[in-house]
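Heads up, the sequence shown is in this note's numbering, so the first residue is 66 and it goes up one at a time. Below is one structure; the comments refer to it alone.
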Amino acid sequence: MSPSLWQILIVVGIFVLLFMGPKRLPAALKSLGEGIRDFKKGLDGDEIDVTDSVKRQQMADKEKEAAAQKQKEKETT
Numbered sequence: 066m067s068p069s070l071w072q073i074l075i076v077v078g079i080f081v082l083l084f085m086g087p088k089r090l091p092a093a094l095k096s097l098g099e100g101i102r103d104f105k106k107g108l109d110g111d112e113i114d115v116t117d118s119v120k121r122q123q124m125a126d127k128e129k130e131a132a133a134q135k136q137k138e139k140e141t142t
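What follows is the structure, encoded as structure tokens:
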């Protein structure tokens with residue numbers, strides 16, 4: 066019989082308490098939370114960068130199409 070998720074979390078929590086101690090645990094958890102928050106901000110920043118890049122590429126494609134259309138109009142006249 067394998068241990069459940071809760072049993073694993075309890076054992077890990079006990080080891081963390083023994084390893085870190087009750088005095089250093091709040092500081093360690095605070096730095097972990099800050100790291101997760103910074104990671105999420107970084108992901109959001111990447112989404113914004115990708116979105117901007119896609120918009121710039123779409124605008125460049127439209128400009129190329131417009132230039133090609135103008136060239137065709139010049140050739141036909």
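The beta carbon of each residue, even a glycine, is placed where N, CA and C say it ideally should be. Computed from a prediction, not measured in an experiment: that's the story for all the values here.
Q: List the whole-angstrom C-beta distance separating Leu83 from Leu90, where the pair is believed to meet the contact cut-off of C-beta under 8 Å.
A: By 1-based counting over the sequence shown, the position of residue 83 is 18. By 1-based counting over the sequence shown, the position of residue 90 is 25. The pair is not a contact, with the Cβ atoms about 10 Å apart (cut-off 8 Å).
Q. In the structure shown, what three-state DSSP assignment does Pro68 receive?
A. Here residue 68 is taken as the residue at index 3 of the sequence shown, counted from 1. Residue state, collapsed to three classes: coil.
Q. In angstroms, rounded to a whole number, what distance separates the CA positions of Gln136 and Gln122?
A. What you label residue 136 is simply residue 71 of the sequence shown in a count that begins at 1. What you label residue 122 is simply residue 57 of the sequence shown in a count that begins at 1. In a straight line, the C-alpha of Gln136 is about 21 Å away from that of Gln122.
Q. Can you give, in chain order, each stretch of the alpha helix (DSSP H) that sits fully within the segment 87-116 and has at least 4 residues?
A. none
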